[in-house]
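Residue numbers (the working numbering): 12 to 252.
A virtual CB, placed ideally from N, CA and C, is assigned to each residue, including glycine.
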Amino acid sequence: MERRKFLKNLGMGAVATVFAGKSFAGELTNSTLSTMENFNTHEFPALPYAYDALEPYIDARTMEIHYDRHHRSYFNNFMAAIKGTSLENKSIEQIFAKVSDAGDAVRNNSGGFYNHVFFWNNLAPKSTGPSAELSTVLTGEFGSFDKFKELFSNSAKTRFGSGWAWLYLTPAKKLAVGSTPNQDNPHMDISAIKGTPLLAIDVWEHAYYLKYQNKRADYIDAFWNVVNWEEVSRRYNAAVK
Ligand SMILES: [Fe+2]
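Quick look at the structure:
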């Protein structure tokens with residue numbers, strides 16, 4: 012994939028909101044760092060909203076631990092895994108393209124780093140709905156918007172163990188829904204599903220256990236209240252060109 016398009020699809024271009032206050036996760040209180048164009052293999056981006064911004068659907072304590080411990084650990088471990096290797100100066104899309112050769116530490120931690128950045132940015136305090144164009148394509152592909160939500164939710168609910176569910180655009184430019192284990196994603200050469208991700212949900216227990224305990228389905232139902240459809244629609248527009 013062409014680098015510029017890959018970066019556009021990472022999905023942080025629309026997020027340039029100014030935050031201030033103690034609950035904001037990053038050191039930077041005037042953050043435009045979380046723009047897709049600024050995504051950098053070697054940079055841990057600020058969370059694009061406050062820890063409590065997605066309450067009551069995702070609680071502040073979960074967000075804080077998820078971002079500042081889990082996500083940060085993936086980033087740190089990824090940096091450690093590529094340090095001094097030939098991957099150190101490669102972009103993350105180059106790493107994903109040959110991740111099957113890179114070993115488990117790179118596979119798990121590059122995915123863990125990227126997937127969470129992608130996930131944070133397809134969430135927002137106020138969910139609207141897909142653009143008219145994306146809405147039409149979703150209905151055309153899945154029969155209805157509700158049917159799409161059902162398929163995506165089922166994919167997330169039935170992912171055994173830890174992993175992610177995705178809405179993605181296949182190389183043939185068709186919308187599809189699927190899931191990946193652990194920290195894999197559709198960019199990876201090793202993934203059973205391949206394409207450009209548009210929407211993701213993290214179904215690792217660390218994403219929901221504090222609030223929902225073992226009830227993954229309740230977390231998935233709540234997720235729909237905080238989907239950043241503006242961002243998902245923007246990703247679609249960038250990917251389909
Ligand atoms: Fe996670």
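{"Check": "Return the CA-CA distance between residue 39 and residue 56, expressed in angstroms with no decimal places.", "Outcome": "Interpretation of residue 39 is limited by its pLDDT of 30, a score under 50 that renders its predicted location unreliable; no figure is taken from the coordinates."}
{"Check": "Check the DSSP bridge columns for residue 179 and list the partner residues they point to.", "Outcome": "187, 208"}
{"Check": "Under DSSP, the alpha helix (DSSP H) around residue 85 begins and ends at which residues?", "Outcome": "83-93"}
{"Check": "For residue 110, name the three-state secondary structure that DSSP assigns.", "Outcome": "helix"}
{"Check": "So for residue 61, helix, strand or coil by DSSP?", "Outcome": "strand"}
{"Check": "Quick one: residues in its chain with C-beta nearer than 6 Å to the C-beta of residue 89, no 5 flanking neighbours on either side, listed in chain order?", "Outcome": "120, 121, 124"}
{"Check": "Run the proximity test for residue 130: is its beta-carbon closer than 8 Å to any non-hydrogen atom belonging to ligand 3?", "Outcome": "Looking for ligand 3 in the displayed structure turns up nothing; the ligands present are ligand 1."}
{"Check": "Thinking C-beta only, is residue 178 closer than 9 Å to residue 70?", "Outcome": "no"}
{"Check": "Using a threshold of 8 Å, is the CB atom of residue 211 nearer than that to any non-hydrogen atom of ligand 1?", "Outcome": "no"}
{"Check": "Is residue 238 helix, strand or coil when you go by DSSP?", "Outcome": "strand"}
{"Check": "Does the pairing of the stretch 205-214 with the stretch 155-172 give three or more beta-carbon distances under 8 Å?", "Outcome": "yes"}
{"Check": "Looking at the secondary structure, which residues open and close the alpha helix (DSSP H) in which residue 128 lies?", "Outcome": "115-132"}
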